[in-house]
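K.L.:
Residue numbers for the sequence shown, in the numbering used here: 4 to 281.
Ideal Cβ placement from N, Cα and C applies to all residues, glycine included.
Handing you a structure now.
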Amino acid sequence: PDQVVQVNAVRLLLALLQGGCRKVQRTACEWLRGPHSTMFFLHCRDAIDGAIESLKEYKRTLKKLTRGTMTAEDRQEEAEGAEEGLQLGFGRHSLVMLIMRMLQLTMEGQYSPMQDLFSLQPQNTASYDLLTKCVEVVEAAQPLLADSLSFNDADLAGLTLQACETISESIQGPNRGNAKILLATNFLAAVNRSFSSLRYVSLPSRNDKIRGWDLTSNDLRCWIKTSMLSCCLAMLEAVKDPRLPTQMLEFFELHNIAEEMTANGVLLGLVDAQGFFA
């Protein structure tokens, strides 16, 4: 019952925040700046930690699928029986997805007061770095994404996308404090690994869309990479110090991004298969 109340409260706040209403953002931020907001950030932290913990069970499910001891249909029925993902996990209607989306909207439009609170609450007796927590979601999800998408399961991709979008919103502006925090995490390493592992595959038909998403697994592979690159671009926004891009280069295998550019060029007919302009 408590979680249902939380979910409905978050949904109401989401509705109020839609469209980047600055008045709602200011009202929320003013309340969250008070010393009574510790429990709010604690609940957000716990929801994210709960999703990361759920990934352990999800990993076991993926192993059953790859070994053939569970079918993709069994997995789908299991997911659909979870009351829209409210009780466990990280489905598109789960508490963690709603919370990360809500946090994203509180910062939308480069609202720096809320961006600052996202990573540090100096007024509270305890502070929770939700930016680093979102990075931990990406880190935990990344090794499982390729197998997940091979079984046309979009839940993990959706979780990763939402985490990346929330991270990106927190550093736009630019917000140098949050960009510095992000650079100190393993986010760039996770991006690099994603470009190595999320290769596009031949699909049985153009209509091979994932149920409930109206997207193919290749669409989601593309969205994930795009969202991750948007985060990297936000980190480089208005950069004057050459040390930041130099540090970023230390994480990347640039040939992965070059191969992605070539593959997209071939798809669009701009270059041939050898990478030469058509």
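Under the assumption that Ile227 contacts Ser205 (Cβ atoms under 8 Å), give the Cβ distance between them as a whole number of angstroms.
P.N.:
Contact doesn't hold; Cβ gap of about 19 Å is too wide.
K.L.:
Just the Cα atoms here: how many angstroms apart are Ser130 and Ala50?
P.N.:
Distance between the alpha carbons of Ser130 and Ala50: 16 Å.
K.L.:
Should Gly272 be labelled buried (16 or more other beta-carbon atoms within 10 Å of its own) or exposed?
P.N.:
The residue in question, Gly272, is exposed, as its Cβ has fewer than 16 Cβ neighbours within 10 Å.
K.L.:
I need the straight-line Cα distance from Leu148 to Ile184, nearest angstrom please.
P.N.:
When rounded, the distance between both Cα atoms is 25 Å.
K.L.:
When the Cα atoms are used, what is the spatial distance from Ala18 to Val27?
P.N.:
One C-alpha to the other measures close to 10 Å.
K.L.:
Rounded to whole angstroms, what is the Cα-Cα separation between Cys200 and Asp222?
P.N.:
In the sequence as presented, Cys is not what sits at residue 200; that position holds Ser. Cα to Cα, the separation comes out at about 15 Å.
K.L.:
Can you tell me whether Gln90 is helix, strand or coil according to DSSP?
P.N.:
In this predicted model, Gln90 has a pLDDT of only 37, less than 50, meaning its place in the structure is not dependable; the value taken from the coordinates is given anyway. Coil at Gln90, not helix or strand.
K.L.:
Thr41 and Thr135 look like a contact to me (Cβ under 8 Å); what is the Cβ gap, rounded to whole Å?
P.N.:
About 18 Å separates the two Cβ atoms, so there is no contact after all.
K.L.:
If you follow the alpha helix (DSSP H) that Phe154 is part of, which residue opens it and which one closes it?
P.N.:
Note, Phe154: premise wrong, no alpha helix (DSSP H); not H, not E.
K.L.:
In the stretch 193-223, which residue ranges form an unbroken beta strand (DSSP E) of at least 3 residues, counting only runs that do not cross its ends?
P.N.:
Runs of the beta strand (DSSP E) inside the stretch 193-223: none found.
K.L.:
Determine whether the beta carbon atoms of Gln165 and Met103 lie at a separation below 8 Å.
P.N.:
Contact: yes.
K.L.:
By Cβ distance, which residues of its chain are closer than 6 Å to Leu16, with the 5 residues on each side in sequence left out?
P.N.:
Cβ neighbours of Leu16 beyond the five flanking positions: Met105.
K.L.:
Taking just the CA atoms, how far does Ala193 sit from Cys235?
P.N.:
Roughly 12 Å between the two C-alpha positions.
K.L.:
Could you check where the alpha helix (DSSP H) with Ala241 kicks off and where it finishes?
P.N.:
Looking at the DSSP string, Ala241 is not in any alpha helix (DSSP H), and its letter there is neither H nor E.
K.L.:
Using the Cβ count rule (16 or more neighbours within 10 Å means buried), how would you classify Thr109?
P.N.:
Counting Cβ neighbours within 10 Å, Thr109 comes out buried, since at least 16 surround it.
K.L.:
Out of Arg63, Phe154, Leu159, which one is the CA nearest neighbour of Met100?
P.N.:
It is Leu159 whose Cα lies nearest to the Cα of Met100.
K.L.:
Counting only runs of 4+ residues fully inside the stretch 244-273, write out the alpha helix (DSSP H) ranges in chain order.
P.N.:
Whole alpha helix (DSSP H) segments, 4+ residues: 246-254, 257-271.
K.L.:
Since Cys24 is in the alpha helix (DSSP H), which residue starts that stretch and which ends it?
P.N.:
That residue, Cys24, is in no alpha helix (DSSP H); it is neither H nor E in DSSP.
K.L.:
Going straight from the alpha carbon of Gly84 to that of His258, what length do you get?
P.N.:
Caution is warranted here: a pLDDT of 43 is assigned to Gly84, below 50, making its placement in the model unreliable, and no coordinate value can be reported.
K.L.:
Whole angstroms is fine: what's the gap from Phe121's alpha carbon to Ile174's?
P.N.:
Approximately 10 Å, taken between the alpha carbons.
K.L.:
Which residues mark the beginning and the end of the alpha helix (DSSP H) in which Arg95 is found?
P.N.:
Careful: Arg95 lies outside any alpha helix (DSSP H) and carries neither H nor E.
K.L.:
What number of angstroms, rounded off, separates the C-alpha of Gly88 from the C-alpha of Gly94?
P.N.:
At Gly88, the pLDDT of 37 sits below 50, so the modelled position is not reliable; the number obtained from the coordinates is stated separately. About 5 Å.
K.L.:
Assuming Leu239 contacts Pro245 under a Cβ cut-off of 8 Å, what Cβ separation, rounded to an integer in Å, is found between them?
P.N.:
Contact flag wrong, Cβ pair sits at about 11 Å.
K.L.:
What does the alpha-carbon distance come out to for the pair Thr229 and Glu263?
P.N.:
Roughly 11 Å separates the two Cα atoms.
K.L.:
What is the rounded straight-line gap between the Cα of Pro38 and the Cα of Ile55?
P.N.:
In a straight line, the C-alpha of Pro38 is about 28 Å away from that of Ile55.
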